[in-house]
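**Student:** Residue numbering for the sequence shown follows our numbering, starting at 125 and increasing by one per position.
Beta carbons are placed, not taken as given, at the ideal position from N, Cα and C, and that holds for glycine.
Note that the coordinates shown come from a computational prediction; the quantities given were computed from them, not determined experimentally.
My structure is below; once you've seen it, I'll send some questions.
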Amino acid sequence: MTESPAINPDEIQVELDREDPPDRFYSITMPAHCVGKITERLNAAGEPHEGARLRKLLTTICIEEAVGRLEIESLWGPAPIAPEGDPGDPTDGDFTVRVAIDERPEVAWPAWDSLNFERPCMDISDAMVEAELNEQRLNAGERSETSSPLAVGDEAACEVRVTPEGPTEAEPPFKTTIRIPPSGQPAIVEGRPLPGLAERLIGARAGETIEAVCPGAGPGGAPLQVTAEIKQAWRITPSTIEQVVAAVGMPNEAILRMNIRTSMESRFKDAQRAHLVEQVFAAVAAEVDIPISKRMLALRLRERAGQMAQKIQASGRSREETIQIMKDAGPEQEAIVRRQLKRNAIINLIRPVFELGIAEQDVTAEIQKMAAAEGRRPEDLRKEIVDANQIDMVANRVFEQKIADRILAEATVVDVPVAS
125 MTESPAINPD EIQVELDRED PPDRFYSITM PAHCVGKITE RLNAAGEPHE
175 GARLRKLLTT ICIEEAVGRL EIESLWGPAP IAPEGDPGDP TDGDFTVRVA
225 IDERPEVAWP AWDSLNFERP CMDISDAMVE AELNEQRLNA GERSETSSPL
275 AVGDEAACEV RVTPEGPTEA EPPFKTTIRI PPSGQPAIVE GRPLPGLAER
325 LIGARAGETI EAVCPGAGPG GAPLQVTAEI KQAWRITPST IEQVVAAVGM
375 PNEAILRMNI RTSMESRFKD AQRAHLVEQV FAAVAAEVDI PISKRMLALR
425 LRERAGQMAQ KIQASGRSRE ETIQIMKDAG PEQEAIVRRQ LKRNAIINLI
475 RPVFELGIAE QDVTAEIQKM AAAEGRRPED LRKEIVDANQ IDMVANRVFE
525 QKIADRILAE ATVVDVPVAS
């Protein structure tokens, strides 16, 4: 037999306080006698609630009633607003909670066949395979600290500062190790190619600071001003090809080279796909107008600021320096968060348009791809993702790829060769 509700939900009062599109702010009040009936029911069932636990339950009941009654479709979900000061005893009189609920916007999507994209294409050459093999020889080689001028193949531990050209603020300084690439290739810093940096590092020594202008490496293709303080340097004696063959368990050098080529082709396809996904979302974002919730913007900015402060302080900066760096970076950080929120909104709003779903095997396949790119065991990476509560981020990546595939199927895509 179904138990009757403890209270009559019609007695809950819902009042609109103010509007700040796309958010609306409501006061939801549950009369004191209803609170009493709920606590009596809980006590009778041997489930006593008090203080914060009871407040959370009453808040949930109030919000569910308001959402159902108002029939608001929310994009970000309702969010209770914490009261100022001590919230008090929830059983002391009427219980009132303030809540923000955004209204899901109606979006006029562009005609997908009106969009144009460029797909980078490249054949993996013998020279590229040779360069990758040399990298593997360096990775497996012997390192020895050096005070000699840096040369191709050497590594430098640096503290790096990156400043985009124009009004964009400098990025927080960070520590990294940079390997000097062969002539004509850009140095790779934290996965980002920085043309012109390697040429400035060559000939420098530990203890010196170099500056470089890296064309095309900044936002929108603008130059980047890069300062690198060289803390330590190493010279590497490469291992032999035979040692690499033995280390990776290949039968011979020919099979090793074939494996390298296959791996490079796979990595390029992944990079090609990621490039197309970025193009698609940039194009859609430019075509649609989606209002950004101020409360969501403030929430994400607080989260990002906390992460940023930890990273800066971990680099050895003082509290005063950290505050100043974060203040200077404020406008750029807000722009980044706005772009992220708009992208997340596009994903959530367009999924029902394309009737897209996701299965466990989709997430598993994505984690396997990520693990292969990092040279790790999929089960280890999955555990790390789950422990960090980031499985939703992986699911989001899957949705992004599915959305991009649907749009690319109707759009015009032109193959563009890229330099090897």
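Tell me the start and end of each unbroken alpha helix (DSSP H) in the stretch 460-527 that is at least 4 residues and wholly inside, in chain order.
**Tutor:** List check, alpha helix (DSSP H) in window: 484-498 and 502-511.
**Student:** Within its chain, find whatever has a CB closer than 8 Å to the CB of residue 311; leave out the 5 residues flanking it on each side and keep chain order.
**Tutor:** As a position in the sequence shown, residue 311 is number 187, starting the count at 1. For residue 311, where only same-chain residues beyond five positions count, the Cβ hits under 8 Å are 302, 303, 304, 305, 317, 318, 321, 322 and 325.
**Student:** Assign residue 177 to one of two classes, buried (16 or more other C-beta atoms within 10 Å of its C-beta) or exposed (fewer than that).
**Tutor:** By one-based count along the sequence shown, residue 177 stands at place 53. Its Cβ having fewer than 16 others within 10 Å, residue 177 is exposed.
**Student:** Give the DSSP bridge partners of residue 275, in chain order.
**Tutor:** As a first step, residue 275 must be located in the sequence shown, where it is residue number 151. Looking at the DSSP assignment, residue 275 forms no beta bridge with any residue, so it has no partner.
**Student:** Please state whether DSSP places residue 356 in a helix, a strand or coil.
**Tutor:** What you label residue 356 is simply residue 232 of the sequence shown in a count that begins at 1. Correct three-state label for residue 356: strand.
**Student:** Using 8 Å as the Cβ pair cut-off and three pairs as the minimum, do the stretch 460-469 and the stretch 497-517 touch?
**Tutor:** Taking 8 Å as the limit for Cβ pairs, the verdict is that the stretch 497-517 does not touch the stretch 460-469.
**Student:** Counting only runs of 3+ residues fully inside the stretch 168-237, write out the beta strand (DSSP E) ranges in chain order.
**Tutor:** For the stretch 168-237, whole beta strand (DSSP E) runs of length 3 or above, ordered along the chain, are 203-205 and 219-226.
**Student:** Can you check DSSP and say which residues form a bridge with residue 529?
**Tutor:** Residue 529 sits at position 405 when you count from the first residue of the sequence shown. The partner list for residue 529 (beta bridge, DSSP) is empty, contrary to what the question assumes.
**Student:** Using a Cβ-Cβ cutoff of less than 7 Å, which residues in the same chain neighbour residue 332 once the five nearest sequence positions on both sides are dropped?
**Tutor:** By one-based count along the sequence shown, residue 332 stands at place 208. Closer than 7 Å at the Cβ level, and outside the excluded window around residue 332, lie 354.
**Student:** For residue 492 and residue 482, what's the separation of their Cα atoms in angstroms?
**Tutor:** If you number the sequence shown from 1, residue 492 lands on position 368. If you number the sequence shown from 1, residue 482 lands on position 358. One C-alpha to the other measures close to 16 Å.
**Student:** Where does the unbroken alpha helix (DSSP H) through residue 259 begin, and where does it stop?
**Tutor:** Stepping through the sequence shown from its first residue, residue 259 is reached at position 135. Here the alpha helix (DSSP H) through residue 259 covers 250-263.
**Student:** Might you give, ordered along the chain, the residues of its own chain that have their beta carbon closer than 8 Å to the beta carbon of residue 601, omitting 5 neighbours on each side?
**Tutor:** Nothing about residue 601 can be read from this structure; the chain reaches only from 125 to 544.
**Student:** CB-CB under 7 Å to residue 494, same chain, minus the five flanking residues each way: which ones, in chain order?
**Tutor:** The residue you call residue 494 lines up with position 370 of the sequence shown. Closer than 7 Å at Cβ, skipping near neighbours: 505.
**Student:** Rounded to the nearest angstrom, what separates residue 256 and residue 401 at their Cα positions?
**Tutor:** Taking the first residue of the sequence shown as position 1, residue 256 is located at position 132. Taking the first residue of the sequence shown as position 1, residue 401 is located at position 277. Rounded to whole angstroms, residue 256 to residue 401 spans 26 Å at the Cα level.
**Student:** Buried or exposed, going by whether 16 or more other CB atoms sit within 10 Å of the CB of residue 200?
**Tutor:** For the purposes of this step, residue 200 is identified with residue 76 of the sequence shown, where counting begins at 1. Classification of residue 200: buried, given that the 10 Å Cβ count is 16 or more.
**Student:** Between the stretch 166-181 and the stretch 447-455, are three or more C-beta pairs nearer than 8 Å?
**Tutor:** Segments in contact, no.
**Student:** From residue 248 to residue 383, what does the alpha carbon distance come to, in whole angstroms?
**Tutor:** As a working note, residue 248 is residue 124 in the sequence shown. As a working note, residue 383 is residue 259 in the sequence shown. One C-alpha to the other measures close to 12 Å.
**Student:** Exposed or buried, residue 278, counting other C-beta atoms within 10 Å across all chains shown (16 or more means buried)?
**Tutor:** Locating residue 278 in the sequence shown gives position 154, counting from the first residue. Per the 10 Å Cβ criterion, buried.
**Student:** For the alpha helix (DSSP H) containing residue 545, list its first residue and its last residue.
**Tutor:** No information on residue 545 is available, as it lies outside the stretch 125 to 544 that the chain covers here.
**Student:** Can you tell me which of 541, 537 and 542 puts its alpha carbon nearest to the alpha carbon of residue 237?
**Tutor:** Residue 237 sits at position 113 when you count from the first residue of the sequence shown. The residue with the shortest Cα to Cα distance from residue 237 is 537.
**Student:** On a Cα-Cα basis, can you pick out the residue from 542, 541, 533 and 540 that is closest to residue 239?
**Tutor:** Counting from one through the sequence shown, the residue named residue 239 turns up at place 115. Closest by alpha carbon: 533.
**Student:** When the Cα atoms are used, what is the spatial distance from residue 205 to residue 223?
**Tutor:** Here residue 205 is taken as the residue at index 81 of the sequence shown, counted from 1. Here residue 223 is taken as the residue at index 99 of the sequence shown, counted from 1. Between residue 205 and residue 223, the C-alpha separation is close to 5 Å.
**Student:** Three or more C-beta pairs under 8 Å: does that hold for the stretch 407-419 against the stretch 262-271?
**Tutor:** No, the stretch 407-419 does not touch the stretch 262-271.
**Student:** Say whether the stretch 341-350 touches the stretch 359-376, bearing in mind that this needs 3 or more beta-carbon pairs closer than 8 Å, one atom from each stretch.
**Tutor:** Taking 8 Å as the limit for Cβ pairs, the verdict is that the stretch 359-376 does not touch the stretch 341-350.
**Student:** Identify the continuous beta strand (DSSP E) that holds residue 143 and give its terminal residues.
**Tutor:** For this step, residue 143 is matched to residue 19 along the sequence shown. That run of the beta strand (DSSP E) goes 137-144.
**Student:** Can you confirm whether the stretch 513-520 touches the stretch 207-225 when touching is taken to mean that 3 or more C-beta pairs between the two stretches lie within less than 8 Å?
**Tutor:** These segments do not touch.
**Student:** Could you tell me which residues DSSP pairs with residue 288 in its beta bridges?
**Tutor:** Locating residue 288 in the sequence shown gives position 164, counting from the first residue. DSSP, once it has assigned bridges, lists 348 as partnering residue 288.
**Student:** Strictly under 8 Å for the Cβ-Cβ distance: is residue 209 near chain B by that measure?
**Tutor:** Among the chains of the structure shown, chain B does not appear; only one protein chain is present.
**Student:** Is residue 306 helix, strand or coil by DSSP?
**Tutor:** In the sequence shown, residue 306 corresponds to position 182, counting from 1. Coil at residue 306, not helix or strand.
**Student:** For a test of the three-state rule: what should DSSP assign to residue 322, helix, strand or coil?
**Tutor:** For the purposes of this step, residue 322 is taken as residue 198 along the sequence shown, with counting starting at 1. Here residue 322 sits in helix by DSSP.
**Student:** Which stretch, first to last residue, makes up the alpha helix (DSSP H) that contains residue 420?
**Tutor:** Looking up residue 420 in the sequence shown gives position 296. Start and end: 418-438.
**Student:** Less than 8 Å between the beta carbons of residue 136 and residue 189, yes or no?
**Tutor:** Position 12 of the sequence shown holds residue 136. Position 65 of the sequence shown holds residue 189. Yes, Cβ-Cβ distance for residue 136 and residue 189 is below 8 Å.
**Student:** According to DSSP, what are the bridge partners of residue 300?
**Tutor:** In the sequence shown, counting from the first residue as 1, residue 300 sits at position 176. Looking at the DSSP assignment, residue 300 forms a beta bridge with 282.
**Student:** Does the separation of the CB atoms of residue 518 and residue 498 fall below 8 Å?
**Tutor:** Locating residue 518 in the sequence shown gives position 394, counting from the first residue. Locating residue 498 in the sequence shown gives position 374, counting from the first residue. No.
**Student:** Quick one: measure Cβ to Cβ for residue 327 and residue 273, integer angstroms, because I've assumed they're closer than 8 Å.
**Tutor:** Within the sequence shown, residue 327 is the residue found at index 203, counting from 1. Within the sequence shown, residue 273 is the residue found at index 149, counting from 1. Rounded, the Cβ-Cβ distance is 5 Å, consistent with contact.
**Student:** Give me, in chain order, the residues of the same chain whose beta-carbon lies closer than 8 Å to that of residue 380; leave out the 5 immediate sequence neighbours on both sides.
**Tutor:** Position 256 of the sequence shown, counted from the first residue, corresponds to residue 380. Excluding residues within five positions, the ones whose Cβ falls inside 8 Å are 257, 365, 368, 369, 372 and 374.
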